[in-house]
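Under my numbering, the first residue of the sequence shown carries the number 1, and numbering increases by one thereafter.
Shown next, in structure tokens, is the structure this report addresses.
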Amino acid sequence: MRAGDWLLLVVIGLALVLTVADGVTGGTLAGWIGSQFYPMAQSIGRALVLVGFALAPLLILPLVCGLVGCLAGLPDPIAGLCRRVIHVIDGISIAVGDAARWLALGLVIVTATVVIQRYVFGFASTKLQESIIYLHALLFLLSAGATLLADGHVRVDIVYSKLSARGKAWTDLIGTYFALFPMGLLILWVSTPYINASWRILERSRESDGLPLVFVLKTAIPLFAVLMILQGSAMALRAALVLSGKHSPPTPLAAETEA
């Protein structure tokens, strides 16, 4: 099994445990979550923000490595460190992407079920209909980092494919700092109060029989930004290694093509 499969099983297992525990306690767990979950989540969120600010200076590492490597050469220990960082980030993106790929299957099954229920049996389930929105949004938001790793995003650039390896590296490095990082940081900045307000009230569906997890769905927005920033860092580090004349770890897409 892939790492993403284990990740998905852990999430499903945790959800089942919480559901069973809530049933055994007669709804006591749900009541506790309603009263204590937001303060606890707020504390965790503040800690994550502090960690983010502490790690933010590392975003300039690819730029520094690229410029220093291009001008004076990159020492082997630093190049090795860059490769290890790339490997870790790639592993995170692949694990999350592998878990998210199952959402595509779920999307197909749920959509077919909703259609059959409505047009064959004349029955409609609000929860099932809303779950299509959840599956669709989570599929695209959580797989964005893995898609960037595989170079699957659309490039509005007819020149890139004709550039040399160094030209592509410069394009990736400059594009990361002038487009990807600003976009990701802007999403984090703008979505923070939006997500905080949703968690404060544990926002649920506007429909009485809808899914009560709107706040969880909205949390995928900053998570998407974090995944893109992380994978953008790995992409910039690959570009820095190329500019330094060092070996750059191949992307999974490149490895698959060579195989």
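Every residue, glycine too, gets a C-beta built ideally from N, C-alpha and C.
For T25, no alpha helix (DSSP H) encloses it, and the DSSP letter there is neither H nor E. Taking a contact to require three or more Cβ pairs closer than 8 Å, the stretch 155-175 and the stretch 195-213 do not qualify as touching. In the structure shown, the three-state DSSP call for K246 is coil. In terms of Cβ geometry, M228 and L180 form a close pair [threshold 9 Å]. Straight across, the Cα-Cα distance linking G73 with A79 is about 10 Å. Just measuring C-alpha positions, the residue of R238, L141, L135 sitting nearest I221 is L141. CA-CA distance, T28 to F37, rounds to 13 Å. Residue nearest to E207 within the set T111, Y194, T126, F224 is T126 (criterion: CA-CA distance). In this structure, DSSP gives M183 a helical state, which the three-state scheme calls helix.
Here Y160 is exposed, its C-beta having fewer than 16 other C-beta atoms within 10 Å.
Closest by C-alpha distance to M235, out of S143, W189, H87, S198, is H87.
In the three-state DSSP reduction, L202 falls in the coil class, being neither helix nor strand. Excluding five sequence positions before and after A100, the CB atoms of its chain that fall closer than 8 Å to its own CB belong to G4, L138, L139, L142, S143, A146, given in chain order. Taking a contact to require three or more Cβ pairs closer than 8 Å, the stretch 236-251 and the stretch 159-177 qualify as touching. Taking the C-beta atoms as reference points, S198 is found nearer than 9 Å to K218. It is roughly 41 Å from the alpha-carbon of I60 to the alpha-carbon of S205. Here DSSP, grouped into helix, strand and coil, assigns V120 to coil. The C-beta of Y134 has 16 or more other C-beta atoms within 10 Å across all chains shown, which makes the residue buried. Here the alpha carbon of C65 sits roughly 8 Å from the alpha carbon of L237.
Distances from the alpha-carbon of L202 to those of A41, L55, P249, R2 put A41 closest. By the CB criterion at 9 Å, L7 and A95 fall inside the cutoff.
As the crow flies, the alpha-carbon of S131 is around 8 Å from that of V110. A Cβ-Cβ separation of about 25 Å leaves I12 out of contact with Q231 under the 8 Å criterion. A direct Cα-Cα distance of roughly 8 Å separates P62 from C82. In the three-state reduction of the DSSP assignment, P62 falls in the helix class. For L74, the secondary structure class from DSSP, reduced to helix, strand or coil, is coil.
As the crow flies, the alpha-carbon of H247 is around 51 Å from that of V114.
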